Amino acid sequence: MVAQNIVFGVLAVAMGLAAIRVVTTKNVVHAALYLVVVLAGVAALYILLAAEFIAVVQVIIYIGAIVLLILFGTMLTRAPIGRASDLDNDQRWLGVVVALLLLGVMGSVLADAFGSTKLPKAPQIQRTGDVGLSIFQTYVVPFEVVSVLLLAALVGAVVIARRD
Amino acid sequence: MYLNQFLFLAAFLFCVGVYGVLARKNAVLVLMSIELILNAVNINLVAFGLFRESVAGQVFALFVIAVAAAEVGVGLAIVILIYRNRHSIDLTEVDMMKG
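From first to last, the protein sequence lines are chains B and E. Position one of the first sequence corresponds to residue 320 (my numbering), numbered consecutively onward. Position one of the second sequence corresponds to residue 233 (my numbering), numbered consecutively onward.
Here is the structure:
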């Protein structure tokens, strides 16, 4: 239990700092690399939460595919690769206020609702096989809807970005 | 481990993402901030799944990951179209719907 808490603390600090750097850094490529740190931290949290299949999917889809897509987008739109000073708009301080207010409200509500709720000491681990069975038995209709959604997004992205 | 430590971390990531969406004007950086928000939601789903000892949290986290992949694909297509038409992805200049 102590080891888990130490791992969580290290991960939380690293992810928090990297997330703040994603939204404050002056360099688009550095922002993408800090995003990789955050996503890898989330994958490690999934392992800490005994969800190893989600952790592997997180690494493959997020770190593998989505960060790659974002870097391609950076390249195709010729975003400034080096340091750039005009990445933030003039609503910055309003954004800080809104984010802090939101954090305060959510923090107080969470502290109120789950103040000292502990995760079960020896939880019933949901293995990858259980996840697969659940997808194809209980949640088969949402699964099919997601596959149609992915097809629609694929066709839509091609149609939108096509040169006529 | 407390349930709240995961929920607080997810809330923090969510708020950082909201700040990024509000304060950034480069469209690619806004998409990155949206990824932060979606990851915060996924942490909550998996944490509650372990708390309730239910497999539903993991299944819905998988669905959110699939929707995030679709979102970033269509989003980048729109960003590339904006760039092709206006030679800039500065979101403060995309204001044709302003009255």
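Idealized CB from N, CA, C, for every residue including glycine. Just so you know, these numbers come straight off a predicted model, no measurement behind them.
Among the residues of its own chain, which have a CB less than 6 angstroms from the CB of residue i, if the five just before and after it don't count?
i: residue 272/E; result: 242, 245 and 246
i: residue 353/B; result: 337, 340 and 341
i: residue 300/E; result: 270
i: residue 317/E; result: none
i: residue 379/B; result: none
i: residue 454/B; result: 462
i: residue 356/B; result: 337
Out of the options, which has the shortest C-alpha to C-alpha gap to residue i?
i: residue 476/B; options: 314/E, 302/E and 263/E; result: 302/E
i: residue 267/E; options: 327/E, 240/E and 248/E; result: 248/E
i: residue 276/E; options: 238/E, 329/E, 325/E and 327/E; result: 238/E
i: residue 484/B; options: 450/B, 407/B and 355/B; result: The structure shown does not extend to residue 484/B, since chain B is modelled only from 320 to 483, so the question has no answer here.
i: residue 403/B; options: 430/B, 347/B and 321/B; result: 347/B
i: residue 405/B; options: 317/E, 319/E and 323/E; result: 323/E
i: residue 320/B; options: 472/B, 440/B and 409/B; result: 440/B
i: residue 376/B; options: 456/B, 473/B and 450/B; result: 450/B
i: residue 343/B; options: 411/B, 401/B, 392/B and 397/B; result: 411/B
Do residue j and residue i count as a contact pair if the criterion is CB distance below 8 angstroms?
i: residue 341/B; j: residue 250/E; result: no
i: residue 360/B; j: residue 394/B; result: no
i: residue 433/B; j: residue 254/E; result: no
i: residue 458/B; j: residue 291/E; result: yes
i: residue 390/B; j: residue 364/B; result: no
i: residue 274/E; j: residue 296/E; result: yes
i: residue 362/B; j: residue 374/B; result: yes
i: residue 350/B; j: residue 386/B; result: no
i: residue 426/B; j: residue 240/E; result: yes
i: residue 298/E; j: residue 469/B; result: yes
i: residue 367/B; j: residue 323/B; result: yes
i: residue 233/E; j: residue 327/B; result: yes
i: residue 438/B; j: residue 282/E; result: yes
What does a CB cutoff of less than 7 angstroms around residue i pick up in its chain, not counting 5 residues either side in sequence?
i: residue 428/B; result: none
i: residue 265/E; result: 249, 252, 253 and 256
i: residue 381/B; result: 358
i: residue 315/E; result: 321
i: residue 466/B; result: none
i: residue 278/E; result: 289, 290 and 293
Below 8 angstroms CB to CB, which residues in the same chain sit around residue i once its five sequence neighbours on both sides are set aside?
i: residue 263/E; result: 304, 307, 308 and 311
i: residue 371/B; result: 365 and 447
i: residue 333/E; result: Only positions 233 to 331 of chain E appear in the structure, and residue 333/E is not among them; the question remains open.
What are the complete alpha helix (DSSP H) segments, minimum 4 residues, inside the stretch 354 to 407 of chain B?
-> 371 to 376 and 386 to 395
Meets three-Cβ-pair contact criterion under 8 angstroms: the stretch 249 to 262 of chain E and the stretch 309 to 324 of chain E | yes
Taking 8 angstroms as the threshold, find out whether the stretch 286 to 301 of chain E comes into contact with the stretch 434 to 452 of chain B through three or more Cβ pairs.
-> A contact exists between the stretch 286 to 301 of chain E and the stretch 434 to 452 of chain B.
Only counting runs of 4 or more residues, tell me where the alpha helix (DSSP H) segments fall wholly within the stretch 435 to 478 of chain B, in order along the chain.
-> 447 to 456
List in chain order: all unbroken alpha helix (DSSP H) runs of 4+ residues lying wholly within the stretch 256 to 303 of chain E.
-> 259 to 283
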